[in-house]
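Numbering (my numbering), first residue to last: 611 to 868.
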C-alpha cells in the first residue's frame, strides 16, 4: 500500500479513491513528481514543508496556551517553556522578554505575549531552514520536516512536545472530552451509514436520511460513495453541532416542547 510512516511523503493518505482522477489532474498541473503509479504515490510539493511547519507551530504552541487558560498548565511552566524556546531561536531576545514581562501582571496576558513571540521566532526559524535547505527540498530529497531539523539543534521544542503529551493530552479532562468525541462520532456514523446503505429502507432509515442534507446523499452512487457522503457531512460538523445532533437522535434532548 502507499502508506508508509517511515517515509515523509507517504506518512498519510492524500486523497480518497473517489477523488483519484481529480488528484491526478492537480498533480499534473502543479508539477508533482510521481514515484509510483500502482499504488499512486507522488513526492511532496516544495510548499508542503512550509504548510507543515505552520501546522506544527500551531499544534505545539496554541495547545499550550489553551491548556493554560483552562488551568491545566501552571503559568510558570508555560512561561519557562516558551521563554526557553524563544531564546533557543534567538538568544538576544532574553533581556527584551525579561523587561517586558516585568510590566505585565496578568498571567493570561503574559502567556499571550510569549505565545506571539514563540510563533514569530519559529516562523523566522522555519523560513531560515527552508531557504538553507531549498536545493534539497526542490530536488525532493529532504526526508524530514523543518521543525524536525530545528529539534536537532535545540531540545526546547522537543521539551514542549514532551510536556504537552505528559501534562495536557493525558490530562483527565482532555481524555474525557476525547472519549466523548469518539462516542459522538461513532453514534452519528452508526445512525447515518446503515440508512444510506440499506436497499430495503425501513421507516427509521428514511427518517435518518431526512436529516442528511441532499448534497451529501449519493443515492445513485456506489456504496463507497454513499459512505463518503456521510463522512463528508459528519467531518464538516462543528463540535457544538455534532454534540447537539447526537443528543437529539439519542433522545437525550428532544428539542421541542409538546
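A virtual CB, placed ideally from N, CA and C, is assigned to each residue, including glycine.
Beta-bridge pairing by DSSP links residue 646 to 651.
Minimum Cα-Cα distance from residue 752 among the listed residues 774, 653, 796, 766 corresponds to 653. A contact is defined here as three or more CB-CB pairs under 8 Å, and the region 756-773 fails this definition with respect to the region 708-723. Close CB contacts of residue 631 within its chain, under the 7 Å cut and outside five residues either way in sequence, are absent. The shortest C-alpha to C-alpha distance from residue 682 to any of 775, 802, 838 is the one to 775. The C-alpha of residue 669 lies about 12 Å from the C-alpha of residue 767. Within its own chain, no residue has a Cβ closer than 7 Å to the Cβ of residue 848 once the five positions on either side in sequence are excluded. The region 780-796 and the region 688-702 do not touch, with fewer than 3 CB-CB distances between them shorter than 8 Å. Here the C-alpha atom of residue 764 lies approximately 16 Å from the C-alpha atom of residue 702.
The region 790-816 contains no complete alpha helix (DSSP H) run of 4 or more residues. Look at residue 784 here: in three-state DSSP terms it is helix.
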